[in-house]
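A quick write-up on the structure given underneath.
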Amino acid sequence: MACLLNNHPIFRYITMNDDDIITIQKNRVGYFQFTLKDDDDNILMEADEDRSYVHGHGKLIVGLEKALEGHKNGDEFTVAIAPTDAYGEHSAELLRMFSADKFDMGDEEPEIGMTFDLPSNTGFHRFRVVGIEGDNIAADGNHPWAGMTLHYDIKVTGVRDAKAEEIETKMPIEIEVPGIIGA
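First residue of the sequence shown: 340, per the numbering used here; consecutive thereafter.
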């Protein structure tokens with residue numbers, strides 16, 4: 340495949356064979372766009388702008404990272420990710436009742452959908468208010484997408500080798516032009 344990068348005289352046609360194509364794998368930065376849907380085809384989230392991540396370091400849900408591995412710039416695909424490779428099954432143990440007087444919310448009244456963090460063994464755990472009865476608050480500590488099969492329509496928009504600092508921090512440092520692979 341040949342491509343003209345620019346009309347500037349220092350650029351030449353570059354011929355690439357299949358061995359030159361870089362794919363998403365550990366310690367590479369992947370760029371992608373996606374639409375996320377549930378089993379009923381309802382859109383849960385869309386990313387029309389590039390999302391970037393350093394592959395192989397657990398910064399995405401397990402199933403999404405597995406699905407992206409081996410893909411190259413320009414690949415478009417659909418994948419269904421089971422709850423076990425996403426946000427887990429819905430756990431009844433994470434449904435709790437709290438007395439409203441245990442919370443100092445200032446002038447704010449608790450509302451359905453409101454979130455709050457409570458201390459846990461690993462730091463803090465986020466709960467979402469799902470019901471209010473008198474002075475009692477029903478809260479759910481499950482991720483809103485727990486128990487759901489997630490359907491992703493994905494377009495890979497770029498891949499490049501991660502820099503040492505990006506591997507160390509497990510985060511991309513700057514957004515480079517997706518699709519153009521370089522240093």
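Positions of the beta carbon are idealized from the N, C-alpha and C atoms, including for glycine.
Taking the C-alpha atoms as reference points, what is the distance between residue i and residue j?
i, j, result
"residue 452", "residue 504", "38 Å"
"residue 384", "residue 373", "8 Å"
"residue 549", "residue 427", "This structure gives no information on residue 549, because the portion of the chain shown stretches from 340 to 522."
"residue 507", "residue 397", "13 Å"
"residue 449", "residue 486", "26 Å"
"residue 454", "residue 435", "13 Å"
"residue 405", "residue 460", "29 Å"
"residue 430", "residue 402", "19 Å"
"residue 377", "residue 399", "18 Å"
"residue 502", "residue 439", "49 Å"
"residue 411", "residue 386", "18 Å"
Per DSSP, residue i forms a beta bridge with which residues?
i, result
"residue 434", "479"
"residue 417", "492"
"residue 334", "The structure shown does not extend to residue 334, since the chain spans only 340 to 522, so no value can be given for it."
Determine the burial state of residue i: buried for a count of at least 16 other Cβ atoms within 10 Å of its Cβ, exposed for fewer.
i, result
"residue 499", "buried"
"residue 472", "exposed"
"residue 456", "exposed"
### Task
Decide yes or no for the touch test of the stretch 486-497 against the stretch 407-426: beta carbon pairs closer than 8 Å, at least 3 of them.
The stretch 486-497 is in contact with the stretch 407-426.
### Query
Fully enclosed by the stretch 356-384, which beta strand (DSSP E) runs are 3 residues long or longer?
Counting only runs that start and end inside the stretch 356-384, the beta strand (DSSP E) elements of at least 3 residues fall at 367-376.
### Task
Decide if the stretch 395-411 is in contact with the stretch 365-379; the criterion is three or more beta carbon pairs, one per stretch, under 8 Å apart.
Contact between the stretch 395-411 and the stretch 365-379 is present, because at least three Cβ pairs lie under 8 Å.
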